[in-house]
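Inspection log for the structure reproduced underneath, given as structure tokens.
2 protein chains.
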Amino acid sequence: MTLLVDRGVPAAPRLTPAGERILAAASTLFYEQGIRTVGVDAIAAAADVTKKTLYDRFGSKDRLIAAYLEERDRTWHRFLDDQLAERNPTTPEAMILALFAALTDWLAGSRNGCGFINASVELAAPDHPAMPVIVGQKRWLRAEFEAQARAAGFADPGELADRLLLLHEGALVSYRVAAMTSAPEVAARAAADLLAGWPRLLRTAR
Amino acid sequence: MTLLVDRGVPAAPRLTPAGERILAAASTLFYEQGIRTVGVDAIAAAADVTKKTLYDRFGSKDRLIAAYLEERDRTWHRFLDDQLAERNPTTPEAMILALFAALTDWLAGSRNGCGFINASVELAAPDHPAMPVIVGQKRWLRAEFEAQARAAGFADPGELADRLLLLHEGALVSYRVAAMTSAPEVAARAAADLLAGWPRLLRTAR
DNA sequence: CAGTAACCACACCGGTCGGTATACTGTCAG
DNA sequence: CTGACAGTATACCGACCGGTGTGGTTACTG
Chain A
1 MTLLVDRGVP AAPRLTPAGE RILAAASTLF YEQGIRTVGV DAIAAAADVT
51 KKTLYDRFGS KDRLIAAYLE ERDRTWHRFL DDQLAERNPT TPEAMILALF
101 AALTDWLAGS RNGCGFINAS VELAAPDHPA MPVIVGQKRW LRAEFEAQAR
151 AAGFADPGEL ADRLLLLHEG ALVSYRVAAM TSAPEVAARA AADLLAGWPR
201 LLRTAR
Chain B
1 MTLLVDRGVP AAPRLTPAGE RILAAASTLF YEQGIRTVGV DAIAAAADVT
51 KKTLYDRFGS KDRLIAAYLE ERDRTWHRFL DDQLAERNPT TPEAMILALF
101 AALTDWLAGS RNGCGFINAS VELAAPDHPA MPVIVGQKRW LRAEFEAQAR
151 AAGFADPGEL ADRLLLLHEG ALVSYRVAAM TSAPEVAARA AADLLAGWPR
201 LLRTAR
């Protein structure tokens with residue numbers, strides 16, 4: 001089994017060595033401390049680079065934020081590829097559950113939950129250049145759930161995908177906000193039961 | 001049926017007229033635009049009050065933030081009381097579903113999702129004076145779910161409460177981050193199915 | 001050799017942030 | 001009458017914010 005839905009993520013842009021360091025520093029600082037908390041000076045200092053270089057490479061803090069989220073999206077997809085290669089699910093149902101299993105490992109030792117949810121809250125402005133990356137990530141996951149559900153022959157794959165998404169996002173946010181460390185495991189169990197009880201189409205798949 | 005778990009929210013403090021205006025202005029501004037975006041000057045201006053008065057009443061922005069969240073918690077509980085009085089559920093199961101039904105109305109026309117989740121992300125610092133209010137709100141909801149599940153005679157009420165909480169929080173966050181306007185209705189349907197299929201204790205309730 | 005991209009060092013900008021200081025006015029209870 | 005309290009008005013603070021400008025150095029490349 002493979003993932004079915006194309007990730008809309010643009011390929012990694014070519015960066016100069018200093019550009020790489022800036023993006024790496026920004027990624028850890030933004031995720032660990034929050035986007036608004038971290039100033040460009042702190043990023044430049046952590047990357048051992050002058051602010052001038054930072055602005056030559058990325059143009060503005062907002063565009064650096066967008067680059068950070070695109071990078072994080074690529075990292076997440078690479079992580080999923082690795083996880084799926086390990087677990088090697090053989091059915092669409094197993095693929096969905098593998099995505100939930102991967103969530104546990106993804107969150108392990110992070111404490112700050114989902115960088116995309118956090119960014120969405122911190123940026124707020126709907127026209128921020130990073131917003132498409134954020135909603136794109138969530139829409140991809142939902143679309144992948146739906147595609148797998150359809151491939152599995154489940155009835156009403158759209159509704160099933162919606163419910164899976166709620167469990168997934170609920171785990172991410174409860175893990176952080178409510179300090180519910182067991183959240184990903186709970187979500188995985190809930191997803192498994194959800195699939196087990198979901199009605200199937202009687203070979204009349206469209 | 002009534003709610004079973006005591007809300008840990010302190011009663012509303014007595015405020016001077018100017019204090020009330022400050023808290024009201026802060027509440028709408030913080031929720032609408034975000035905590036970090038809104039400065040104390042903007043709050044003082046909106047409340048038609050000098051900054052001096054604001055600091056005389058609340059001491060610091062951080063304590064004003066905590067007061068805002070406590071106020072929002074009280075407002076939410078009053079809202080729940082009203083909703084439950086309207087729907088008047090007669091069983092613990094109906095009570096749980098009424099809480100999900102209330103979620104739809106709570107989110108209607110807000111667009112910014114859950115003020116507590118947002119605040120948790122924006123504040124980040126675990127020792128912020130507002131953090132106990134945030135996790136307290138989430139812990140109350142989970143405890144209430146568990147108490148109702150136990151009263152209904154469901155097996156493993158802790159696990160059931162965890163799953164209900166994930167659906168609830170997932171709806172809140174997907175509504176905002178993924179612009180999923182149907183999220184609360186999806187959560188309500190998922191909760192109903194979850195309860196319908198959940199095993200019961202055979203009159204051996206402790 | 002000339003040109004150019006990538007970088008450094010550093011100084012500077014206007015604006016906003018949370019928070020404080022000073023001085024004065026109205027109101028109301030003991 | 002007299003405080004104490006709630007409030008006004010205004011000016012100010014240092015720190016930090018995102019962002020720009022100048023000028024110089026290295027290294028690769030046509």
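These protein sequence lines are chains A and B, in that order.
As numbered in our numbering, residues 1 to 206 make up the first sequence, in order.
As numbered in our numbering, residues 1 to 206 make up the second sequence, in order.
Even for Gly, the Cβ is constructed at its ideal location relative to N, Cα and C.
All values derive from a computational prediction rather than experimental measurement.
When 8 Å is used as the limit between beta carbons, Ala178(B) is near these residues of chain A: Val135, Lys138, Arg139, Arg142, Leu165, Glu169, in chain order.
Taking a Cβ-Cβ threshold of 8 Å, the residues of chain A close to Arg36(B) are Arg36, Glu122, in chain order. Of the residues Pro13(A), Ser174(A), Leu84(A), the one whose Cα lies closest to the Cα of Leu141(B) is Ser174(A). Setting aside the 5 residues that flank it on each side, Ala161(A) is surrounded in the same chain by Arg142, Phe145, Glu146, Ala149, each with a C-beta closer than 7 Å to its C-beta; the list follows chain order. Ala190(B) and Ala155(A) have their C-alpha atoms some 15 Å from each other. Within chain B, no residue has its beta carbon less than 9 Å from that of Gly109(A); the closest one is some 16 Å off. Contact between the segment 46–61 of chain B and the segment 11–28 of chain B is present: 3 or more CB-CB pairs across the two stretches fall below 8 Å. Taking Lys51(A) as the centre and dropping the five residues before and after it, the same chain places the C-beta of Val40, Asp41, Ala44 closer than 7 Å to its C-beta, in chain order. For the pair Thr104(A) and Ile117(A), the Cα-to-Cα distance works out to about 17 Å. By the criterion of at least three beta-carbon pairs nearer than 8 Å, the segment 125–139 of chain A is not in contact with the segment 106–113 of chain A. The segment 87–96 of chain B makes no contact with the segment 165–172 of chain B; the number of CB pairs closer than 8 Å stays below 3. Per DSSP, Leu15(A) is not a residue of any alpha helix (DSSP H), being assigned neither H nor E. In the three-state DSSP reduction, Arg36(B) falls in the coil class, being neither helix nor strand. Identification of residues in the segment 11–38 of chain A having a C-beta nearer than 8 Å to some C-beta of chain B yields Gln33, Gly34, Arg36, Thr37, given in sequence order. By the neighbour-count definition (other C-beta atoms within 10 Å, threshold 16), Glu86(A) is an exposed residue. Ranking Arg78(A), Met180(A), Arg63(A), Gly136(A) by CA distance to the CA of Met180(B) puts Gly136(A) first.
Contact annotation for Ser174(B) against chain A: Lys138, Leu165, Leu166, Glu169 [CB-CB distance below 8 Å, chain order].
In the DSSP assignment, Leu99(B) falls within the unbroken alpha helix (DSSP H) covering 92–107. Contact of Ala187(B) with chain A by beta-carbon distance below 7 Å involves Leu166. Only exposed fits Phe79(B), as fewer than 16 other CB atoms lie within 10 angstroms of its CB. For Arg111(A), the three-state secondary structure derived from DSSP is coil. Pro184(A) is positioned such that its CB atom lies no closer than 8 Å to that of Ala192(A). Take the alpha-carbon of Ala187(B) and the one of Gly19(A): they are about 43 Å apart. Taking each of Pro199(B), Gly197(B), Arg139(B), Ala124(B) in turn and checking the Cα distance to Ile35(A), the smallest one comes out for Ala124(B). Taking the beta carbon of Gly197(A) as reference, the chain B residues within 9 Å of it are Asp193, Gly197, listed in sequence order.
Sixteen is the threshold: when 16 or more other Cβ atoms of the shown chains lie within 10 Å of the Cβ of Arg176(A), as they do, the residue is buried. Assigned with DSSP and collapsed to three states, Arg87(B) falls in helix. Within 10 angstroms of the beta-carbon of Pro92(A) lie 16 or more other beta-carbons, which makes it buried.
When Cβ-Cβ separations below 8 Å define contact, Ala102(A) makes no contact with chain B.
Annotation: Leu201(B) to Arg72(A) spans about 45 Å, alpha carbon to alpha carbon.
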